[in-house]
Amino acid sequence: MSILRYSATLIFSTTALFAADPLFDGMKAELLRGQTLALGQLDKPYYISYALDEGHVWSGQATFGGLISSADSKFRIPEVRLRIGDYKFDNTNFAGGFGGGPRYDLGAFPLDDDPLVARRYYWLATDSAYKGALTVIARKRAALRNVTVSEILPDFSPAPKFTLLNEFRPVTFDKKTWDDRVRKVSAVFNAYPSLRTSLVEYSAVDGYHRFVSTEGTEVKRQETVGSVQIRASGQAADGMIVRDWALFYGGDIQTMFPEATLAKAAKDVGEQVMKLAAAPMGENYSGPILFEGIASTQLMAEVLGRNLHISRKPVAAPGGAAQSAATELEGRRGVRIMPESFDVIDDPAAQGFGHEEVDDEGVAGKKLQLVEKGVLKDFLRTRLPVRGYSESNGRSRLAGSTPAPTNLVITSKEISTLPELKKKIIDLCQQRGLTWGIIIRKMDFPSTAPLEEARKILGSAGASGRAVSQPLYVYKLYLDGREELIRGVRIRGLNARSLKDILAAGDDKVTLNYLENGAPFALLGYGQSTAAVSVVAPSVVIDDLELIKIDDEQPKLPVASAPALALLAPTPNR
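Those letters in the sequence shown? Residues 94 to 667, per my numbering, in order.
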């Protein structure tokens, strides 16, 4: 979803109506002219697309009962993608292109609906993109004369014409009410004076996406999203920083998230931070782990959802670096990656948070059976051909034509109740001489971690491979059924191949809605673009996993005790 590059997401579409749209008319007119570009006998464009994303953004932040920021802004961001040559060989998929690839970003764009000004922007951008493409394709040809490519793949796949024309209907938003709401909700944290930080933040975006290409595809769709982030952090007696969060996403920005719901979430976050600060440090552990509820869904989003595509190494000049990290499931089509009882589908047509009618490349998404009876059957694909696949299935949703899931659903035909899953952990521990097992009830995905903490987690992976997000709610499960909250542990050695070691699945179905941005741990505020994703999964027991105790240096405690903020937090309006 293209507007998600600028912090929004598609939740619903209006009824297809055909009102006057001078900007769209201007884009189409200039696109016709762009097809005539030529410089002598040099390559001519075979594909051009224009996009224009606009939005009205309302946002506000508050901490401990005080509003610290409030904004009301609008944006328009145009984009040009231009390819010369043909579908088999063009100016893309080359490392060292120096900005002359298929995309050309224009930057600032007038907010007035002036088609002549719009045409001028696209004219200049198309001209610049064409000249840059000529330079790149020449360098690419020169590189191929001096390197051997193991497999020749086309650079772009054709796609059928697609039309979706929905009229824009501006949404009204009561900003004053929301500024007051986050101020009041943030005051809930006044009841926890030993907290180090707290933040309640809302964002509401009313957006519109226009797209037109030389293949005849025309798209106009309204895209709206509302979100609320509630965060807090504290400090344990040994100096360790502990934190928790609650995230809310929705499409109806006029009626989203009642104040009482948010206030309860803030109270839960504050209490959990206090519990974590008082909890004992964890220990190294090796054995079965129960990922319960949302923790399992977060795990599937991070470990499975982010590996359901194939990378492609670009052409590079001799001595140049062509960076393209392989995903953990590449080359495993037809191989069992989960127990035989498991199926995985991705359905953009489902009415979930990830609902999408057409992707960023103008391709309608198809329902995919990704895993059947535990066997990997398919991948999320874009119009970039990869080994074994020549066509897109409509999953280009992030910058750089990167695939992402839409509504990902993981199911198992063999299920157990939660008490049965706990008993399985206890039985396994008894058989192996362990005095306790582990339950994880929440992961830090998407992550609210400071950048420095995220770097430490990435660095801790070492030779064990890719790091996964840190577990936030971790409990020791003793053999008599008692549970004890612990802190300060990380998971080591967990990856997509660990899913083969799932021993049991729960009878629950827990949904995670989040904005995928491609950053490590989906770190909030990072990444070049975002896409709305919904993941549904049951609780799972996975065998042979490791927890390691965190031994990082910790900051010192404050010299003076925290001042009292309030005797009682204000009662929220219902």
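For every residue, glycine included, the Cβ atom is placed at its ideal position computed from N, Cα and C.
Reference residue i; option with closest CA among the options
{"i": "alanine 443", "options": "Asp220, Ala625, Pro115", "result": "Ala625"}
{"i": "isoleucine 346", "options": "Gly445, Pro441, Lys268", "result": "Lys268"}
{"i": "arginine 174", "options": "Ile518, Gly127, Lys466, Gly300", "result": "Gly127"}
{"i": "serine 494", "options": "Ser221, Pro539, Thr623, Gly552", "result": "Thr623"}
{"i": "serine 489", "options": "Glu609, Lys121, Ser163", "result": "Glu609"}
{"i": "valine 321", "options": "Leu650, Gly300, Glu294", "result": "Glu294"}
{"i": "phenylalanine 446", "options": "Tyr482, Pro478, Thr499", "result": "Thr499"}
{"i": "arginine 61", "options": "Gln315, Leu160, Val629, Phe249", "result": "Missing from the structure shown is residue 61; the chain here goes from 94 to 667 and no further."}
{"i": "proline 656", "options": "Ala410, Phe202, Asn283", "result": "Asn283"}
{"i": "serine 306", "options": "Glu545, Pro251, Arg336", "result": "Pro251"}
{"i": "threonine 475", "options": "Leu491, Leu527, Glu465", "result": "Leu491"}
{"i": "lysine 516", "options": "Lys506, Gly526, Gly530, Ile503", "result": "Gly530"}
{"i": "threonine 541", "options": "Tyr571, Met374, Val281, Ile323", "result": "Ile323"}
{"i": "tyrosine 619", "options": "Phe157, Pro539, Glu364", "result": "Pro539"}
{"i": "valine 456", "options": "Leu257, Trp338, Ala598", "result": "Leu257"}
{"i": "leucine 461", "options": "Ala612, Val502, Glu433, Leu125", "result": "Val502"}
{"i": "aspartate 114", "options": "Asn186, Asp452, Gln134, Glu311", "result": "Glu311"}
{"i": "aspartate 594", "options": "Asp537, Leu383, Leu578, Asp453", "result": "Leu383"}
{"i": "glutamate 260", "options": "Asp601, Phe117, Ala297", "result": "Phe117"}
{"i": "alanine 596", "options": "Phe614, Leu469, Asp573, Glu433", "result": "The amino acid at residue 596 is misidentified as alanine; the sequence shows leucine. Comparing Cα positions, the closest option is Glu433."}
{"i": "glycine 599", "options": "Lys649, Asp471, Gly386", "result": "Gly386"}
Range covered by the alpha helix (DSSP H) that runs through residue i
{"i": "glutamine 523", "result": "511-525"}
{"i": "glycine 552", "result": "544-553"}
{"i": "aspartate 118", "result": "115-127"}
{"i": "aspartate 361", "result": "352-371"}
{"i": "isoleucine 387", "result": "387-392"}
Counterpart residues of residue i in DSSP-defined beta bridges
{"i": "glutamine 154", "result": "Ser162, Glu294"}
{"i": "methionine 536", "result": "Pro564"}
{"i": "histidine 149", "result": "Lys167, Asp299"}
{"i": "asparagine 500", "result": "Ser627"}
{"i": "valine 305", "result": "Tyr143, Glu311"}
{"i": "leucine 570", "result": "Gly530, Glu576"}
{"i": "serine 279", "result": "Beta-bridge pairing links serine 279 to no other residue."}
{"i": "isoleucine 177", "result": "Pro138"}
{"i": "methionine 374", "result": "Arg580"}
{"i": "valine 408", "result": "Phe187"}
{"i": "aspartate 429", "result": "Just to set this straight, residue 429 is arginine in the shown sequence, not aspartate. Bridge partners of arginine 429: Val468."}
Enclosing beta strand (DSSP E) for residue i [first to last residue]
{"i": "alanine 630", "result": "624-630"}
{"i": "tyrosine 342", "result": "334-343"}
{"i": "alanine 325", "result": "311-328"}
{"i": "valine 634", "result": "633-642"}
{"i": "alanine 597", "result": "595-598"}
{"i": "arginine 585", "result": "582-585"}
{"i": "valine 603", "result": "603-609"}
{"i": "serine 494", "result": "Here serine 494 belongs to no beta strand (DSSP E), and DSSP marks it neither H nor E."}
{"i": "serine 654", "result": "Unbroken run through serine 654: none, as it is neither H nor E."}
{"i": "leucine 383", "result": "378-384"}
Contact test: residue i Cβ vs the ligand GTP heavy atom, cutoff 8 Å
{"i": "leucine 292", "result": "Among the components modelled here there is no ligand, and therefore nothing to report on the ligand GTP."}
Min CB distance residue i to chain C below 9 Å
{"i": "tyrosine 378", "result": "This model lacks chain C altogether, as it is built from one protein chain only."}
Measuring CB atoms only, is the region 142-154 touching the region 326-337, in the sense that at least three cross pairs come out at less than 8 Å? Between the region 142-154 and the region 326-337 there are fewer than three C-beta pairs closer than 8 Å, too few to call the two in contact.
Note down, one range per segment and in chain order, each beta strand (DSSP E) of at least 3 residues found wholly within the region 204-269. Fully enclosed beta strand (DSSP E) runs of 3 or longer: 256-258.
Inspect the CB distances between the region 394-402 and the region 584-598 and report whether three or more fall short of 8 Å. Inter-segment contact for the region 394-402 and the region 584-598 is present: three or more beta-carbon pairs are separated by less than 8 Å.
If we count Cβ pairs, one from each stretch, closer than 8 Å, do we get three or more for the region 541-551 versus the region 509-525? Taking a cut-off of 8 Å for Cβ pairs, the region 541-551 and the region 509-525 do not touch, as fewer than three such pairs fall below it.
Take every Cβ of the region 424-444, pair it with every Cβ of the region 281-298, and state whether three or more of those distances are shorter than 8 Å. Judged by Cβ distances under 8 Å, the region 424-444 makes no contact with the region 281-298, as fewer than three pairs qualify.
Would the region 167-185 count as touching the region 232-248 if we require 3 or more Cβ pairs under 8 Å? Yes: the two stretches touch, three or more of their Cβ pairs being nearer than 8 Å.
Looking at C-beta atoms only, is the number of pairs between the region 592-609 and the region 627-635 that lie closer than 8 Å three or more? Contact holds: three or more Cβ-Cβ distances are below 8 Å.
So, do the region 201-209 and the region 164-171 have three or more beta carbon pairs nearer to each other than 8 Å? Output reads yes: the region 164-171 touches the region 201-209.
Ignoring anything shorter than 3 residues or poking outside the region 433-492, list the beta strand (DSSP E) runs there in chain order. Secondary structure remark: continuous beta strand (DSSP E) runs of at least 3 residues inside the region 433-492, in chain order: 435-439, 461-465, 489-491.
Just checking, does the region 267-281 make contact with the region 140-149 on the three C-beta pairs under 8 Å criterion? Judged by Cβ distances under 8 Å, the region 267-281 makes no contact with the region 140-149, as fewer than three pairs qualify.
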